[in-house]
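> Residue numbers (this note's numbering): -9 to 483. Glycine included, every Cβ here is placed at the ideal spot set by N, Cα and C.
1) Decide if residue 135 is buried, meaning its Cβ has at least 16 other Cβ atoms within 10 Å, or exposed.
2) Nearest CA to the CA of residue 200: which residue from 169, 215, 227 and 180?
3) Put residue 112 into one of helix, strand or coil per three-state DSSP.
4) Classify residue 408 as helix, strand or coil using the three-state DSSP reduction.
5) For the candidate residues 154, 145 and 160, whose alpha-carbon lies nearest to that of residue 133?
6) Buried or exposed, going by whether 16 or more other CB atoms sit within 10 Å of the CB of residue 444?
7) If we ignore side chains and look at the alpha-carbon of each, how far apart do residue 61 and residue 54 end up?
8) By Cβ distance, which residues of its chain are closer than 7 Å to residue 459, with the 5 residues on each side in sequence left out?
9) Look at the alpha carbon of residue 389 and the alpha carbon of residue 361, and state the distance between them as a whole number of angstroms.
10) DSSP on residue 403, reduced to helix/strand/coil?
11) Using the Cβ count rule (16 or more neighbours within 10 Å means buried), how would you classify residue 21?
12) How would you write the range of the alpha helix (DSSP H) that residue 252 sits in, first residue to last?
13) State the start and end residues of the unbroken beta strand (DSSP E) segment that holds residue 41.
14) Return helix, strand or coil for residue 342, following the three-state DSSP convention.
15) Determine the direct distance from the alpha carbon of residue 37 to that of residue 446, and round the result to whole angstroms.
16) Three or more beta-carbon pairs under 8 Å between the segment 262 to 271 and the segment 427 to 443, yes or no?
17) Please report the straight-line C-alpha distance between residue 477 and residue 337, rounded to a whole angstrom.
18) Per DSSP, residue 389 is paired with what?
19) Answer yes or no: do residue 144 and residue 174 have a C-beta to C-beta separation smaller than 8 Å?
20) Does residue 487 come out as helix, strand or coil in the three-state DSSP assignment?
21) Helix, strand or coil for residue 211, going by three-state DSSP, please let me know.
22) Is residue 167 helix, strand or coil when you go by DSSP?
23) Along the chain, where does the alpha helix (DSSP H) that runs through residue 278 open and close?
24) Here's the rule I'm using: 16 or more other beta-carbon atoms within 10 Å means buried, otherwise exposed. How should residue 382 be labelled?
25) Below 6 Å CB to CB, which residues in the same chain sit around residue 252 once its five sequence neighbours on both sides are set aside?
26) Could you tell me which residues DSSP pairs with residue 432 in its beta bridges?
27) Does the Cβ-Cβ distance between residue 302 and residue 374 come in under 8 Å?
28) Quick check on the DSSP output: the beta strand (DSSP E) that includes residue 202 runs from which residue to which?
29) Specify the secondary structure class of residue 232 as computed by DSSP and reduced to three states.
30) Pair every Cβ in the segment 408 to 427 with every Cβ in the segment 187 to 194, then say whether three or more of these pairs are closer than 8 Å.
31) Along the beta strand (DSSP E) that carries residue 226, what are the first and last residues, could you check?
32) Hey, how far is the Cα of residue 435 from the Cα of residue 419?
33) Give me the Cα-Cα distance between residue 523 and residue 51, rounded to the nearest whole angstrom.
34) Leaving out five residues on either side along the sequence, give the residues of the same chain with a beta carbon under 8 Å from the beta carbon of residue 319.
35) Under three-state DSSP, which class holds residue 471?
36) Around the C-beta of residue 240, are 16 or more other C-beta atoms found within 10 angstroms, so that it is buried, or is it exposed?
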């Protein structure tokens, strides 16, 4: 939100939500005369009460805005973006009022508090968030080396504090960023589907960040953020898990010592999610273990790489012969071709595809064949569609489901860019290679059974959504005939 005076921000919020001063006065338990003075700028809320006042105002106004179905208008007017999730409205209002309060204090006192990096201690939820936001943004955007952040706090607790939203507005100009963080599996189990959704959406939104996630089994070295071996932040949470105190150190010797100790400690803990460059080309490696199963689920958002016709593989082989297929050689392409033909065309397969991803594939022809990119020609795409329709006629164990566009939380921007592949014993996530920095690692190995089961439960739950529909082979054939003209239109170059 804009940095303005407290009175202007409060007045603008009230005007937007069409709430009278008296209604706000009643809702937060303050006399109308106080509210009137706040909106005219005659006085500010008392410092000792302002945090509670801002929380009450944010809660009240967010409920009104949600009831009025004004989420999109609110996001566009105050945030400059297209949409916002319901649970974030109160936080954005609270954050705006808190920033405006600080801005008004600066004007009244004639003292700037913008250079917050000089403060040794920062108090208050809004102040801590602003501090973290400023420091992390500066350090990552100005970094002269590939940035790394070591975080000994817990992933879901940080999500509760809107910590991961800080990274949405950061521009990584030269390199991707490595993030190392702990995750409490009991929180994942307690939060079930909702917790898995939060984690998946964060990984999907922050594609140019390579997350290494460790199981949190100890409170040693707790709640430390070490950035680039040069700056350290210590934070404390209250009984509700909210970050209320931050202290920092820019002393390079201290920062290096803390960074090293935290990194060494994390290295001794179990890794549950690990970024990788590739699934591996070696026989009996992760790739072969994954495809050794007799049952699969694929959430495909980076094109549709499965059930490819021989013509596509033949084209890949020709490219591999002259070294135009990345790390893949002729033998590897033939291995994948035989693997898919002998296994995936005969065992139970369940595919889930967002409609926008289907359209994007038909338009561009881009696929990620396990872990390298390939662009299919228009003729190859046409052959692919026909081949898929033939295969599902011969294998009744193939299930196709489609997610329709929606504003629900899972959809994000309605272009999901993180695939999920599971054999129900092993699994991995895969980023859209076309959208990431060349040095970003495109694969996440899921190395913990509970985490894998949580992701599976999350996607199983999506099949119950009103926006999801499964199609039989006959229905897909009819859809193809019905929308043939549209598909041909998408194929036009």
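Let's see:
1) exposed
2) 169
3) strand
4) strand
5) 160
6) buried
7) 10 Å
8) 391 and 392
9) 23 Å
10) Note that residue 403 has pLDDT 44, beneath the 50 cutoff, so the model's placement of it is unreliable and no number is given.
11) exposed
12) 242 to 257
13) It is not in any beta strand (DSSP E) - residue 41 instead sits in the alpha helix (DSSP H) that spans 40 to 57.
14) strand
15) 47 Å
16) yes
17) 29 Å
18) 340
19) yes
20) A query on residue 487 cannot be resolved here, the shown segment of the chain reaching from -9 to 483 and no further.
21) coil
22) strand
23) 276 to 280
24) buried
25) 140, 142, 211, 214 and 216
26) In DSSP, residue 432 forms no bridge with anything.
27) yes
28) 199 to 205
29) coil
30) yes
31) 221 to 227
32) 7 Å
33) Only positions -9 to 483 of the chain appear in the structure, and residue 523 is not among them; the question remains open.
34) 310
35) helix
36) exposed
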